[in-house]
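Here's the structure, in structure tokens; my notes come after.
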Amino acid sequence: MQDNLSDDHHHDPIEEGAALRVRALEELLIAKGLVKAEAIDAVVEYYEKETGPRNGAQVVARAWCDPDFKAWLLKDGTAAIHSMGFKGYQGEHMRVVENTNDTHNIIVCTLCSCYPWPVLGLPPAWYKGAAYRARVVREPRAVLAEFGLDLPASQKVRVWDSTAEIRFMVLPQRPPNTGNLSQAELADLVTRDSMIGTAVL
Amino acid sequence: MQDNLSDDHHHDPIEEGAALRVRALEELLIAKGLVKAEAIDAVVEYYEKETGPRNGAQVVARAWCDPDFKAWLLKDGTAAIHSMGFKGYQGEHMRVVENTNDTHNIIVCTLCSCYPWPVLGLPPAWYKGAAYRARVVREPRAVLAEFGLDLPASQKVRVWDSTAEIRFMVLPQRPPNTGNLSQAELADLVTRDSMIGTAVL
Amino acid sequence: MDGIHDLGGMHGFGPIPIESQDYRFKHDWQRRAFGIVQAVAGNTPYVADQHRYKIEQLSATDYLTLDYFEKWITATSALLKDARLVNDQELATGQKEFDVDLVNHPAVSADDLLSAMKIGADYQFPTNSQPQGFAIGTRVRVRSDSPQGHTRVPRYVRGKFGTVLATEGVFQHADSVAAGQGRNPQHCYLVSFSAAELWGSSVEQADDDILLNLAESYLEPM
Amino acid sequence: MDGIHDLGGMHGFGPIPIESQDYRFKHDWQRRAFGIVQAVAGNTPYVADQHRYKIEQLSATDYLTLDYFEKWITATSALLKDARLVNDQELATGQKEFDVDLVNHPAVSADDLLSAMKIGADYQFPTNSQPQGFAIGTRVRVRSDSPQGHTRVPRYVRGKFGTVLATEGVFQHADSVAAGQGRNPQHCYLVSFSAAELWGSSVEQADDDILLNLAESYLEPM
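Protein chains in written order, with full-length UniProt numbering: chain A, 1 to 201; chain B, 1 to 201; chain C, 1 to 222; chain D, 1 to 222.
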């Protein structure tokens, strides 16, 4: 995934312009003493390597295994998730919504790109793009079909548009025939998209 | 105002692309027998030279001079305007709205660029542009101020958005101290913008 | 279709470019484009709402950046293609590749085109041919319907309350015509909305009015 | 602000580019851009709603065509300029032209930045610190207000009727904060809208729901 300016130069002059601009800004801010390069390194590494959907997967697996935790998670998502250490920016206030046979949940931010960073990491580009944001509140079933998920009409869809400080996360249904798996093994089954609501397990 | 491809080439490559494309389409349609160049010539000449705001100005001046005509114009704009020979495409159904000391009218088409061709000719580019269409229904007074027209709060603004087959035209107020002018002289005073509503006389 | 063309009420488009855009044609190719669109409308055939719908389907970026008459030409090219009178290859090169049925699609003469323009398009039906659902003075709400296809209800009045000031008579329905579903004639009303109803506390002056012509099926009783 | 960023419900954006855009960073400069935005937020200072508002003020074409992280950098540059920490010339060249007050705008260390990110931003106030105007179960209408400035009410719920499902507590108000008018704390509600109310007869499935968090001042009683 790493690339550099000369790579950009070969395949996309627009990217090159943005790359030059970011480099100029970083150099300027460092020269002015407003930013430290190692702080940039640290925050990027933190969000690329230390947060991400594995955190959310642990929350989900625990909810599947521990009814009391699940009840707490659905009643006070913020406290239950913070108790596992998954807290911080864009995860200060959490509401967890449970998929059932009757209801399928899906999250979006139509106005920008709000997303629960501490449990899911940073959002994929499609989540931030115009097509997903425009369409999922109007035609969630058509959008889900593009993700390969065809929901029966009997299952209600609830679309959660992240318009304030609360971030949403979907608690997917536990897959069948997983009664013999450990909580850690269950966590390995949980995908990012299942916690966005664009997939089921 | 005439220019050609080599002119375009010097000042605007985007215009050049459009020009080439239009030329290619015209040549194709002529080669296929679907269009005659003289029909294009004729319709352009008609809308540039034979229709235009001088038509609307004659309607306005007559309404100022003839109370019966004015009453008819405001009651059945279509019939009154057609009776003067100003009819045809984009003027099949007309509603004329009268400016008074109490009310100022202004027309727009937020969805595309509907405009009363037989009485006003073809619209200016700003009428078709995003800024006018976006703003005039929300902040007509701010828009009018950009046209140099500051309306008192005591004068109600009515914005007419052309969303169906009916085309609107504003009947401006007769300027003061014009009692001695002939109908033809009065018509000379009537501007296009006064019949759109972005100016007064 | 709730596309970028539905600009009414949007912020972010800056001042009106009055001086720099006080022209009807700036370039001769715009004149030709305008003429082509009029000259083939009758023999393709297409009507204004079909042409508008093609423009609405441009990408939002194209819609905002292409010249007005380039959008017209793009829409007309698409309609000619739909009618199988031209193909992509021809449009790309300007070179004819196949003959068309000129008996059913005859080129219009200059005289006939001018006559047609001077007559106009009659989309009206007898006023008593359809039931009039709303009396003058009635309070109505604009339905929330927002079809994928062409429609003539701007977003900024969707779900809003207004007053019927007049009926304009019975007309073909733009949504139906653009969708190729027939003329579906119905009453068209003049509906008045207060600026306060449309823009709330951010209104410029609360008692100003905005008036639109809206078809019967766009409205519901309050 | 009813800008192009308010995309909910718009037509014309095509299929979701799932496969081609299933990445968080595609280029290293995007990583650096992300990091810069986080690293200077605290010492500039600015909060998310100010950053969002700068992005909303991009031209519609830029909004739709620029890379996501280029938009972020553009917004951050504008906020740094507003704070008089950089000027246009510096942004254009990347060359420093003047010194800034580093006592009041100290560069954050890696450790302090990570700590701050792990703590997050607290925009909440005690729940009983403000009156709660709407009880759970109440039917409400979203106000028509559509300010020129930043707001967190999408157009697609404007004027629509919904049901209060929960209160989320008291938070600072995004509109006020972005406008530099103080924190204006108020209750934030979870409001449910039926798909039928939002999209009318063009709805995909009438009894699906759309849920939003909306501030007290965005709502009025039914």
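All C-beta atoms, glycine included, are put in the ideal place defined by N, C-alpha and C.
Chain order gives the chain C residues near residue 23 of chain B as 29, 32 and 94, where near means a beta carbon separation below 9 Å.
Taking C-beta atoms as the reference points, residue 175 of chain C and residue 195 of chain C fail to come closer than 8 Å. Residue-level contact check: residue 56 of chain B does not touch chain C, since none of the beta carbons of chain C fall below 8 Å from its beta carbon. In the DSSP assignment, residue 76 of chain D falls within the alpha helix (DSSP H) that extends over 68-82. Under a criterion of Cβ atoms nearer than 9 Å, the residues of chain B adjacent to residue 43 of chain C are, in order, 34 and 35. For residue 95 of chain A, the CB contacts under 7 Å within the same chain, skipping 5 residues up- and downstream, are 77, 166 and 168 in chain order. Taking all protein chains in view, the Cβ of residue 197 of chain B is crowded by 16 or more other Cβ atoms within 10 Å, so the residue is classified as buried.
Proximity to residue 132 of chain D across D/189, D/53 and D/87 peaks at D/189, based on C-alpha coordinates.
With contact defined as three or more Cβ pairs closer than 8 Å, the stretch 34-46 of chain D and the stretch 23-42 of chain A are in contact. For residue 69 of chain A, the enclosing alpha helix (DSSP H) covers residues 67-75. Residue 213 of chain C has a beta carbon lying within less than 8 Å of a beta carbon in chain B.
Within the stretch 81-112 of chain D, those residues whose Cβ lies closer than 9 Å to any Cβ of chain A are, in chain order, 85, 86, 90, 91, 92, 93, 94, 95, 96, 98, 99, 100, 102, 105, 106, 107, 108, 109, 110, 111 and 112. Nearest neighbour of residue 163 of chain A by Cα position, chosen from A/66, A/24, A/108 and A/22, turns out to be A/108. Membership of residue 156 of chain A in the beta strand (DSSP E) is indicated by the continuous run 156-161. With its beta carbon at least 8 Å from every one in chain D, residue 133 of chain C lies outside the interface.
In this structure residue 181 of chain D is exposed. Its beta-carbon is surrounded by fewer than 16 other beta-carbon atoms within 10 angstroms. In the three-state reduction of the DSSP assignment, residue 51 of chain A falls in the coil class, being assigned neither a helical nor a strand state. Look at residue 16 of chain B here: in three-state DSSP terms it is helix.
When DSSP states are grouped into helix, strand and coil, residue 103 of chain D belongs to the coil group.
Taking the beta carbon of residue 74 of chain C as reference, no residue of chain D falls within 8 Å; the closest one sits roughly 14 Å away. In this structure, the beta-carbon distance from residue 187 of chain A to residue 13 of chain D does not fall below 8 Å. Contact between the stretch 53-61 of chain B and the stretch 55-66 of chain C is absent: fewer than 3 CB-CB pairs across the two stretches fall below 8 Å.
In the three-state reduction of the DSSP assignment, residue 51 of chain D falls in the helix class.
Going by C-alpha positions, residue 88 of chain B is about 29 Å away from residue 219 of chain C.
Between residue 6 of chain C and residue 155 of chain C the beta-carbon gap is near 5 Å, inside 8 Å, which marks them as a contact. Ranked by Cα distance from residue 124 of chain C, the options C/199, C/34 and C/172 are led by C/172. Residue burial annotation: residue 222 of chain C is exposed, with fewer than 16 other C-beta atoms found within 10 angstroms of its C-beta. Around the beta carbon of residue 163 of chain C, 16 or more other beta carbons lie within 10 angstroms, which makes this residue buried. DSSP places residue 1 of chain D in the coil class of the three-state scheme, outside both helix and strand. Contact between the stretch 40-52 of chain B and the stretch 171-180 of chain B is not established, with fewer than three Cβ pairs separated by less than 8 Å.
DSSP places residue 58 of chain B within a helical segment (H, G or I) once states are collapsed to three. For the C-beta of residue 57 of chain D, the chain C residues within less than 8 Å are, from N- to C-terminus, 12.
Per DSSP, residue 35 of chain C lies in no beta strand (DSSP E) segment; the continuous alpha helix (DSSP H) that holds it begins and ends at 28-41.
It is roughly 9 Å from the alpha-carbon of residue 129 of chain C to the alpha-carbon of residue 185 of chain C. Between residue 53 of chain C and residue 215 of chain C, the CB-CB gap reaches or exceeds 8 Å.
Between the beta-carbon of residue 126 of chain B and that of residue 16 of chain C there is about 5 Å, and that keeps the pair under the 8 Å contact cut.
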